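Last residue of the sequence shown: 124 in our numbering, with the numbers rising by one and none dropped. Just below is one structure, and these are the notes that go with it.
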Amino acid sequence: MAEKLEQIGTCRFCGQTRVIETLKELTQLELDEAATENCICEGAIEDKRKRARRTKINEFVNRKFGENKLADSIRSLADLVEDGTFEEVTFKLYKDKIVRIWKDSEFNIYIRIKRTEQDELKA
Ligand SMILES: [Zn+2]
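The structure is reproduced here in structure tokens:
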């Protein structure tokens, strides 16, 4: 049975060190990543929230638009709303869709795709 190694990682936000038990030798980068992952300081928690949010945004955008230049652009715009460059972004897509991206007071990101044209017939 493999012996457990005890190595030291450092949280990259607060600098707190932590003993990481591993089965194989990890690089310092991996140890720091593990220490950050297990840390409960404000920076580490915000980072976890951010990554979870990123995953959700990716899934949503890919589901709605597929993997393409448009999806990449929407992700970039969401990043710019997230970091506060834009308070909100609204743009017209194709001929009948409006996309709005904004952030609420708790820093949640919203992406809303709204159809603007209704199916209408005049005969
Ligand atoms: Zn920390």
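For each residue, glycine too, the CB sits at the ideal point set by N, CA and C. Keep in mind the model is a prediction, meaning the values are calculated, not measured.
Take every Cβ of the region 13-21, pair it with every Cβ of the region 31-38, and state whether three or more of those distances are shorter than 8 Å.
In this structure the region 13-21 touches the region 31-38; the number of beta carbon pairs closer than 8 Å is three or more.
Going by the beta-carbon positions, is the gap between Glu-7 and Glu-22 smaller than 8 Å?
Sequence index remark: in the sequence shown, residue 7 carries index 6 (1-based). Sequence index remark: in the sequence shown, residue 22 carries index 21 (1-based). Taking a C-beta distance under 8 Å as the contact criterion, Glu-7 and Glu-22 qualify as a contact pair.
With Val-114 and Glu-83 assumed to form a contact (beta carbons below 8 Å), what rounded beta-carbon distance in angstroms separates them?
The residue labelled residue 114 in the question sits at position 113 within the sequence shown. The residue labelled residue 83 in the question sits at position 82 within the sequence shown. It should be noted that the sequence gives Ile, not Val, for residue 114. The beta-carbon separation of Ile-114 and Glu-83, rounded to 18 Å, does not stay under the 8 Å limit for a contact.
Measuring straight from C-alpha to C-alpha, what distance separates Leu-24 and Ser-77?
Against the sequence shown, residue 24 aligns to sequence position 23. Against the sequence shown, residue 77 aligns to sequence position 76. For the pair Leu-24 and Ser-77, the Cα-to-Cα distance works out to about 39 Å.
Inter-residue Cα distance where the pair is Lys-70 and Glu-60
The residue given as residue 70 occupies position 69 in the sequence shown. The residue given as residue 60 occupies position 59 in the sequence shown. In a straight line, the C-alpha of Lys-70 is about 15 Å away from that of Glu-60.
Taking the alpha carbon of Lys-96 as the point to measure from, which residue in Ile-9, Thr-117, Thr-56 and Lys-104 has its own alpha carbon closest?
For this step, residue 96 is matched to residue 95 along the sequence shown. It is Thr-117.
From Ile-112 to Glu-26, what does the alpha carbon distance come to, in whole angstroms?
As a working mapping, residue 112 is identified with position 111 in the sequence shown. As a working mapping, residue 26 is identified with position 25 in the sequence shown. Cα-Cα distance, rounded: 42 Å.
Is Gly-10 a contact residue of ligand 1, with contact defined as CB to any heavy atom under 7 Å?
The residue you call residue 10 lines up with position 9 of the sequence shown. For ligand 1, not one heavy atom lies less than 7 Å from the Cβ of Gly-10.
Whether Ile-102 touches Glu-89 by CB criterion (8 Å)
Here the question's residue 102 lines up with position 101 in the sequence shown. Here the question's residue 89 lines up with position 88 in the sequence shown. Yes, they are a contact pair.
For the alpha helix (DSSP H) containing Glu-68, name the first residue and the last one.
If you number the sequence shown from 1, residue 68 lands on position 67. That residue, Glu-68, is in no alpha helix (DSSP H); it is neither H nor E in DSSP.
Kindly indicate the opening and closing residues of the alpha helix (DSSP H) around Leu-30.
Mapped onto the sequence shown, residue 30 falls at position 29. Per DSSP, Leu-30 belongs to the alpha helix (DSSP H) from 29-39.
In terms of DSSP beta bridges, what is Ile-21 paired with?
Sequence index remark: in the sequence shown, residue 21 carries index 20 (1-based). In the DSSP output, where bridge partners are listed per residue, Ile-21 has Gln-8.
Given a threshold of 16 other Cβ atoms within 10 Å of its Cβ, counted over all protein chains shown, does Ile-75 qualify as buried or as exposed?
Counted from its first residue, the sequence shown places residue 75 at position 74. Counting Cβ neighbours within 10 Å, Ile-75 comes out buried, since at least 16 surround it.
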